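Okay, so the sequence shown: first residue is 78 according to this note's numbering, each after it adds one.
Here's the structure, in structure tokens; my notes come after.
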Amino acid sequence: WETAVQKGRSKSLQTGDRSQGWVRTDFLQQEIDAGNYNPFGGTYNDPAVIDRITTSLVRQGESHMTSFDANISGEAFSFGDDVVMMAAGIEYREEDVTDTPDDQFQRGLIFGTESVSAAAERDQYAAYVEFSIPLAENLELQLAGRYDDYSDFGTTTNPKVALRWAPTDEITIRGSWAQGFRAPSLAQVGLGPSQESQFFIDNYRCDATGKDCDPLDYNIEFAGNPDLEAEESESWNVGFIWAPTTDFGLSVDVWSITQDNKIDEQEFGPIYNSECNNQNSTVCVRLPPSGTDSLGTIQKIFSTFENVSSQEVSGVDISANYNHSLDDLGLLKFNLEWAYQDKFEKDGRDYTGEYGYPEHRWIFSTNWEIGQFNTNMNISYVGEFEDTPDIDFDGNLDFDSNTSRTVDSQVLVDLQTSYRITESAKISLGVNNLFDEEPPFAIGDGDSDLYGYASGVHNPRGRYIYTKVSFSF
Numbered sequence: 078w079e080t081a082v083q084k085g086r087s088k089s090l091q092t093g094d095r096s097q098g099w100v101r102t103d104f105l106q107q108e109i110d111a112g113n114y115n116p117f118g119g120t121y122n123d124p125a126v127i128d129r130i131t132t133s134l135v136r137q138g139e140s141h142m143t144s145f146d147a148n149i150s151g152e153a154f155s156f157g158d159d160v161v162m163m164a165a166g167i168e169y170r171e172e173d174v175t176d177t178p179d180d181q182f183q184r185g186l187i188f189g190t191e192s193v194s195a196a197a198e199r200d201q202y203a204a205y206v207e208f209s210i211p212l213a214e215n216l217e218l219q220l221a222g223r224y225d226d227y228s229d230f231g232t233t234t235n236p237k238v239a240l241r242w243a244p245t246d247e248i249t250i251r252g253s254w255a256q257g258f259r260a261p262s263l264a265q266v267g268l269g270p271s272q273e274s275q276f277f278i279d280n281y282r283c284d285a286t287g288k289d290c291d292p293l294d295y296n297i298e299f300a301g302n303p304d305l306e307a308e309e310s311e312s313w314n315v316g317f318i319w320a321p322t323t324d325f326g327l328s329v330d331v332w333s334i335t336q337d338n339k340i341d342e343q344e345f346g347p348i349y350n351s352e353c354n355n356q357n358s359t360v361c362v363r364l365p366p367s368g369t370d371s372l373g374t375i376q377k378i379f380s381t382f383e384n385v386s387s388q389e390v391s392g393v394d395i396s397a398n399y400n401h402s403l404d405d406l407g408l409l410k411f412n413l414e415w416a417y418q419d420k421f422e423k424d425g426r427d428y429t430g431e432y433g434y435p436e437h438r439w440i441f442s443t444n445w446e447i448g449q450f451n452t453n454m455n456i457s458y459v460g461e462f463e464d465t466p467d468i469d470f471d472g473n474l475d476f477d478s479n480t481s482r483t484v485d486s487q488v489l490v491d492l493q494t495s496y497r498i499t500e501s502a503k504i505s506l507g508v509n510n511l512f513d514e515e516p517p518f519a520i521g522d523g524d525s526d527l528y529g530y531a532s533g534v535h536n537p538r539g540r541y542i543y544t545k546v547s548f549s550f
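Next up, the structure:
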């Protein structure tokens, strides 16, 4: 048995200087009223004036965590000619976080945004148990369960069943089924209100009154949601391992993960469509209408995190490795990790092969060891996928009406060699993206990817060379 107690504390301090363009609204208005600053462009603004309207900021964060755990493992009881092994344990954890933006943020003095202090705390209790049961020779059953109690969203119990069968010394067949969960983070629960802006045409008011028919900036207030529920998941996998020799191994696994109650930010389009046609909405808040108008000007739109989506992902993973001795010239090691994504379905729509969701990825690595030298080469591949889906105002992606082009696949090569100076010291020299490959061109999704590549898939960093010295103690 063993037990452990841990206590931690972390603090962060973020600063932003004038060069980052933090503009004080009161200073800006003073310079506009004095005729010193032209906000409409087309003329030169004195750098001294710009310096007077900008400011620096400080944001502080702090978190505390205390945890205790105890576990025991060993033989539980006899089962035929064998013994059932067991592991069990308990856990306790308490944590809290605080976030304190600069006072200028909290008073709403920073142009285009606002933020207030936030805090959240949580206690968690957990207990778990796991049994390894030998059903027959080379056939093993694993049963496990875990119970969690969170102070802010309740309790959850999650089981797991796994089976492992080795009919020969070379082949192992395995499979498992499990349920799981992910509690909302303290940031998602306790994030304080922050002010953002959205540039759009208020079509409801335009159609109803003939006013506000040009795009304008409207205030969006985003905050955490203390009523969030945990994300839930169910997963299974079936596979085998074939190792005919000590120098060669192959494994294949078919897997599937289904998630419900996934936490995400509310999308602007659906909020507008469902709330902003109602003068009395408490989500899309409008000023009182004037005269015969049926809808007033939008004052503020509230947004938060929600349990809004379900997701199912499935695929196949293949891993192969081979070692080859070169006698006096050292040892060569080869390894291939290939992942095929068969499905990425979110809220009933399958995104596999569409923008940002390639079907194929693999990494092939070669390692050569000789004496104190070690040289490694990695070749990574990301498959092609469709570019530029249409995005309508409901926030839906329309892949059928626009499959105009394909984002090309990409192959990157990384190389590193190292020399072990002593048992505890090593020096390395390497180059990543050896051939200085640029990310494949992508038109983008019209939202986050505005720089000519798919930022969620590809890295724009070109070739870079590095050296490092490492010590172990």
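We put the CB at the ideal spot given by N, CA and C, even for glycine.
Everything numeric in this text was worked out from a predicted model, so none of it was measured.
In this model, Phe-208 and Tyr-458 are separated by some 40 Å (Cα to Cα).
Unbroken alpha helix (DSSP H) stretches of 4 residues or longer found wholly inside the segment 144 to 183: 180 to 183, given in chain order. Residue range 345 to 352 is occupied by the alpha helix (DSSP H) that includes Ile-348, with no beta strand (DSSP E) assigned at that position. The residue among Gly-430, Ser-274, Leu-105 and Val-82 with its C-alpha nearest the C-alpha of Tyr-169 is Val-82. A distance below 8 Å between beta-carbons, with the five flanking residues on each side excluded, links Ile-348 to the following residues of its chain, in chain order: Val-360, Cys-361, Ile-378 and Ser-380.
Of the other Cβ atoms in all chains shown, fewer than 16 fall within 10 Å of the Cβ of Gln-91; this residue is therefore exposed.
As DSSP reads the structure, Pro-211 sits in a beta bridge with Glu-217.
In this chain, the alpha helix (DSSP H) harbouring Pro-124 covers 124 to 130.
The continuous beta strand (DSSP E) containing Phe-411 extends over residues 408 to 423.
Distances from the alpha-carbon of Phe-548 to those of Thr-499, Ile-542 and Val-508 put Thr-499 closest. Contact between the segment 414 to 430 and the segment 382 to 392 is present: 3 or more CB-CB pairs across the two stretches fall below 8 Å. In the three-state scheme derived from DSSP, where H, G and I count as helix and E and B as strand, Tyr-224 is classed as strand. The C-alpha of Asn-510 lies about 18 Å from the C-alpha of Ser-495.
In this structure, the alpha-carbon of Thr-249 lies about 14 Å from that of Thr-323. Take the alpha-carbon of Gly-252 and the one of Trp-313: they are about 7 Å apart.
Around the CB of Thr-234, fewer than 16 other CB atoms lie within 10 Å, so the residue is classed as exposed. Burial of Tyr-434 is indicated by the presence of at least 16 other C-beta atoms within 10 angstroms of its C-beta. For Ser-150, the closest alpha carbon among the candidates Phe-258, Asp-337 and Thr-80 is that of Thr-80.
Contact between Asp-110 and Leu-186 does not hold, since the beta-carbon distance rounds to 16 Å and is not under 8 Å. The beta carbon of Asp-341 sits closer than 8 Å to the beta carbons of Phe-382, Glu-383, Val-385 and Ser-386 from its chain, once the five residues preceding and following it are set aside; these are given in chain order. Straight-line measurement puts the Cα of Val-534 at about 17 Å from the Cα of Arg-482. In this structure Val-490 is in contact with Met-454, their Cβ atoms being roughly 7 Å apart against a cut-off of 8 Å.
Less than 8 Å divides the Cβ of Glu-463 from the Cβ of Glu-431. Nearest to Glu-308 by alpha-carbon distance, out of Asp-146, Phe-276, Asn-338 and Thr-232, is Asn-338. Excluding its 5 nearest sequence neighbours in each direction, Glu-352 has C-beta neighbours in its own chain below 6 Å: Ser-358, Val-360 and Cys-361, listed in chain order. Beta-bridge partners of Arg-251 (DSSP): Arg-241 and Gly-316.
When the five nearest sequence neighbours on each side are left out, the beta carbons in the same chain lying within less than 6 Å of the beta carbon of Asn-302 are those of Thr-381 and Phe-382, in order along the chain. Here Thr-131 is near Gly-98, since their CB atoms are less than 8 Å apart. Contiguous alpha helix (DSSP H) elements confined to the segment 279 to 345 occur at 280 to 286, taking only those with 4 or more residues.
For Met-162, the closest C-alpha among the options Glu-198, His-141 and Val-206 is that of Val-206. One Cα belongs to Asp-159, the other to Pro-211, and the distance between them is close to 7 Å. The continuous stretches of alpha helix (DSSP H) do not include Gly-507, which lies in the beta strand (DSSP E) extending over residues 502 to 509. DSSP places Arg-438 within a strand segment (E or B) once states are collapsed to three. In this structure, DSSP gives Gly-85 an extended state, which the three-state scheme calls strand. Beta-bridge partners of Val-206 (DSSP): Ala-165 and Gly-222. Listed as beta-bridge partners of Ser-495 by DSSP are Asn-451 and Ser-505.
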